[in-house]
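For the sequence shown, the working numbering puts the final residue at 626, and the numbers step up evenly by one.
By construction, the Cβ of each residue, glycine as well, lies at the ideal position given by its N, Cα and C atoms.
Worksheet: one structure, shown below.
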Amino acid sequence: MLSYRHSFHAGNFADVLKHLVLIKILEYLGKKDKPYCCIDTHAGPGDYALNEDYALKNKEFENGIAKLWQRNDLPDGVAAYVELIKKFNTTDELSRYPGSPLIIRQFLRNKDRLFLYELHSTEIELLSVAVSRDRCIKVFYEDGLKNAVGLLPPNEHRGLVLIDPSYEMKNDYQRVTETLVQMHKRFATGTYALWYPVVERSRNQQLERDIKSSGLKNVQLFELGIKTDTYEHGMTASGMIVVNPPWTLAADMQQVLPWLAQVLGIDGAGSYRIETLVGE
Ligand SMILES: C[S@@+](CC[C@H](N)C(=O)[O-])C[C@H]1O[C@@H](n2cnc3c(N)ncnc32)[C@H](O)[C@@H]1O
Numbered sequence: 347m348l349s350y351r352h353s354f355h356a357g358n359f360a361d362v363l364k365h366l367v368l369i370k371i372l373e374y375l376g377k378k379d380k381p382y383c384c385i386d387t388h389a390g391p392g393d394y395a396l397n398e399d400y401a402l403k404n405k406e407f408e409n410g411i412a413k414l415w416q417r418n419d420l421p422d423g424v425a426a427y428v429e430l431i432k433k434f435n436t437t438d439e440l441s442r443y444p445g446s447p448l449i450i451r452q453f454l455r456n457k458d459r460l461f462l463y464e465l466h467s468t469e470i471e472l473l474s475v476a477v478s479r480d481r482c483i484k485v486f487y488e489d490g491l492k493n494a495v496g497l498l499p500p501n502e503h504r505g506l507v508l509i510d511p512s513y514e515m516k517n518d519y520q521r522v523t524e525t526l527v528q529m530h531k532r533f534a535t536g537t538y539a540l541w542y543p544v545v546e547r548s549r550n551q552q553l554e555r556d557i558k559s560s561g562l563k564n565v566q567l568f569e570l571g572i573k574t575d576t577y578e579h580g581m582t583a584s585g586m587i588v589v590n591p592p593w594t595l596a597a598d599m600q601q602v603l604p605w606l607a608q609v610l611g612i613d614g615a616g617s618y619r620i621e622t623l624v625g626e
């Protein structure tokens, strides 16, 4: 049974990086008139109240979106992200944070489509409310890693698959690579964005080795760390592995990641990585 609730973590430093990369990919897809299809395999509840119990328990958003909220020296890419989050807040106060489904919805045009998967019984109900009455969006109470592959290739022949697991199951690290390979076989030109946490660095090293030996090509990695790696409990960094990234993405991230590492890093321990894991 799944127990992870993203409400505890909404708006933290990991969401900042994940949603920045997501926005940059969606901006790029929206540059052409042709419609695209977006699949979010791990959608979560979609909408988060930062002034309620879950978010207030550990106040993770305080070292994420809250640190950027009132600044007037944001690099362009970060400014666009903060502007988007501000649209979900009716006052100057930060009280609401949109999850990936609501962020993606902001970018959808008439003919674009969004498919959302969520497997937690409570989250799926919240998600259905958060995105109700939108004919471009379809929600599935199903295993996104297993079933989303069936949607590929999409009729649009353009699109993004966001894979954002909670890594609750030990085999999730292995499953994500297998899923990426299966999806890529059916839709080789699609863009795939896989989020990962750094909790135990050896797992990430294995994930990177698996990706490198998987046969996937054109893979970039973007990582933001706020603490040095440790064997103690807790996430020190997180990243996005992007297959077929927009050609502009690495330069976009170069503009924001060094700045974010400085601003969000704790006691000067911020770090970042921008790497080509596999060439074209
Ligand atoms: C990290 S959260 C998603 C956050 C969301 N993508 C965002 O950026 O706002 C991961 C979600 O995946 C759900 N989940 C876990 N395993 C899943 C699976 N196999 N298929 C679909 N959803 C799953 C969890 O219940 C949780 O809500």
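Item, Value
"Where the alpha helix (DSSP H) through E554 begins and ends", "547–558"
"Buried/exposed call for L475, threshold 16 Cβ in 10 Å", "For clarity, residue 475 is Val in the given sequence; the question names Leu instead. Result: exposed."
"Same chain, Cβ closer than 8 Å to K552, neighbours up to 5 away in sequence not counted", "In the sequence as presented, Lys is not what sits at residue 552; that position holds Gln. Answer for Q552: Y519, listed in chain order."
"Local Cβ density within 10 Å of Q601, reported as buried at 16 or more and exposed below that", "exposed"
"Cα-Cα separation, L366 to L606", "11 Å"
"Cβ shell of I509 (< 8 Å), same chain only, five flanking positions each side left out", "T387, H388, G490, L491, V522, T525, L526, Y538, A539, L540, W541"
"Alpha helix (DSSP H) runs wholly inside the region 416–473, at least 4 long, in chain order", "422–432, 446–453"
"Proximity test, T387 beta-carbon vs ligand 1 heavy atom, cut-off 7 Å", "yes"
"heavy atom of ligand 3 below 7 Å from D361 C-beta", "Looking for ligand 3 in the displayed structure turns up nothing; the ligands present are ligand 1."
"Other residues of its chain near P447: CB distance less than 8 Å, five sequence neighbours each side excluded", "D386, A389, G390, G392, L460, L462, L473, A476, V477, I483"
"Reduced DSSP category for A539 - H, G, I as helix; E, B as strand; rest coil", "strand"
"For V477, the three-state DSSP class (helix, strand or coil)", "coil"
"Residue from N358, I620, G625, P592 whose Cα sits closest to the Cα of R442", "N358"
"Inter-residue Cα distance where the pair is E626 and K380", "24 Å"
"A534 versus V545, Y374, G505, Y513, residue with shortest Cα-Cα distance", "G505"
"Close Cβ partners of P511 (< 6 Å) along its chain, the five nearest in sequence each way excluded", "H388, D518"
"Any non-hydrogen atom of ligand 1 closer than 7 Å to H503 Cβ", "no"
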